[in-house]
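Taking it in order: structure first as structure tokens, then the write-up.
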Amino acid sequence: MASRKLEDLAPLFRARVAEWLADCHAESLEVLVYCTYRSHNEQADLYKIGRTVKGAGVTKTRPMGRKVTNAKPGQSAHQYGLAIDFVPMKNGKAMWGDAKAYDAAIALALERGMESLRPYELAHLQVAGFNWREHARKSA
Ligand SMILES: [Zn+2]
């Protein structure tokens with residue numbers, strides 16, 4: 002299972018996420034971080050969805066369904082503790098379709114030195130300027 006613990010993030014990024022969570026709280030924006038760290042194998046499994054493993058949203062023109070990531074194993078900021086996935090919450094319910102709440106939370110994240118992958122991965126925030134090649138080399 003991928004982690005949702007903030008403790009599994011890289012320390013500097015974790016500090017930014019903590020500031021962002023405080024900002025959200027101050028604006029009465031409730032958010033849930035549901036993914037932080039992901040292993041190489043977990044990323045490999047996600048990459049298969051919509052490609053070699055059937056995903057959600059199957060149509061005639063999209064027989065394998067929707068892809069959920071463009072990052073191959075080694076290429077995701079989650080593998081280096083430099084990304085989170087989140088969902089806005091209201092009264093304890095996840096608001097996956099609440100574009101306004103996502104916009105507001107993302108705007109606060111940008112001010113804290115994070116970048117968004119919207120519209121492709123709306124839930125995803127990562128450290129600004131993330132370059133997987135640099136990190137893959139360091140951890141090799
Ligand atoms: Zn993500």
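Per this note's numbering, the sequence shown starts with residue 2, numbered consecutively. In this text, a Cβ means the ideal position worked out from N, Cα and C, and glycines have one as well.
- Taking C-beta separations shorter than 6 Å and ignoring five residues to either side along the sequence, the partners of aspartate 99 in its chain run Pro89, following chain order.
- Short note on histidine 41: C-beta not closer than 7 Å to any heavy atom of ligand 1.
- Counting every other CB atom within 10 Å of its CB across the protein chains shown gives glycine 93 a total below 16, marking it as exposed.
- Judged by DSSP secondary structure, valine 18 falls within the alpha helix (DSSP H) whose first and last residues are 12-27.
- In the structure shown, leucine 30 falls within a coil segment according to DSSP collapsed to helix, strand and coil.
- In the three-state reduction of the DSSP assignment, lysine 73 falls in the coil class.
- Cβ-Cβ distances below 6 Å link alanine 78 to Ala84, Gln127, Phe131 in the same chain, with the five nearest sequence neighbours on each side left out; the list follows chain order.
- In the displayed model, aspartate 104 falls within a helix according to three-state DSSP.
- Distance from the CA of leucine 30 to the CA of alanine 19, rounded to the nearest whole angstrom, comes to 14 Å.
- Looking at Ile50, Leu13, Lys101, Ala72, the one whose alpha-carbon comes closest to that of arginine 134 is Ala72.
- With respect to alanine 95, arginine 39 sits apart: the two C-beta atoms are not nearer than 8 Å.
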